[in-house]
Ligand code: AMP
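In our numbering, the protein residues as written are 3 to 193.
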């Protein structure tokens, strides 16, 4: 199973990705998490990525693509993976196509969490205030949404053309959204 989960920042992709990945026994690969781990370990990749992340911008494609290529080459991703936060640009879509084609597989589906972006921004701003997250200023939060709309939202149409998109309402309680996703993917919940 090779899946992508998409949606604007704050839509709850990471949370839902874990449930889906667990069900299919595949790794949930979050490029944001890998970047953050590199930042906290102070690696060269982390130092490079941090500049962009702090501004709410995307890390350059070459850097991101190579990182994903290496990650999906790991043995645990041999039978599939769920990508959370990748691809985010058209160039990344093409690169991912190449990576998957090379292994003789295909992409099975692209889950899109649809949300009310204004409400999400409001929630993110509130969280940043409560948690005092210096890196999550209002400017950066708004910038991330802007970058998503400009560079990533157009990818949905690309995948729609390929009949891969499964849209799910991402608003509401976590468990409700999980249930909608499982229904859309035709997953029978384990009792
Ligand atoms: P996320 O946790 O997925 O929102 O990612 C956090 C940050 O990591 C983003 O705001 C970007 O700066 C960077 N990032 C994550 N994934 C990508 C990607 N596919 N392409 C470029 N930058 C990315």
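Quick reminder that beta carbons are idealized off the backbone N, C-alpha and C, glycines included.
DSSP beta-bridge partners for residue 84?
5 and 30
Can you tell me whether residue 116 is helix, strand or coil according to DSSP?
strand
Using the rule of at least 16 other Cβ atoms within 10 Å of the residue's Cβ for burial, across every protein chain shown, is residue 126 buried or exposed?
buried
Between 76, 124, 154 and 140, which has its C-alpha nearest residue 114's C-alpha?
154
For ligand 1, is there a heavy atom less than 8 Å away from the beta-carbon of residue 60?
yes
In the DSSP assignment, find the beta strand (DSSP E) that holds residue 168 and state where it starts and stops.
167-171
Whole angstroms is fine: what's the gap from residue 108's alpha carbon to residue 57's?
34 Å
Could you check the C-alpha separation between residue 95 and residue 21 for me, to the nearest Å?
24 Å
Below 8 Å, is the gap between the Cβ of residue 89 and the nearest heavy atom of ligand 1?
yes
Please classify residue 111: does DSSP put it in a helix, a strand, or coil?
strand
Could you give the distance in angstroms between the alpha-carbon of residue 71 and the alpha-carbon of residue 105?
11 Å
Give the range of the alpha helix (DSSP H) segment to which residue 54 is assigned.
46-57
For ligand 1, any of its heavy atoms closer than 8 Å to the Cβ of residue 8?
no
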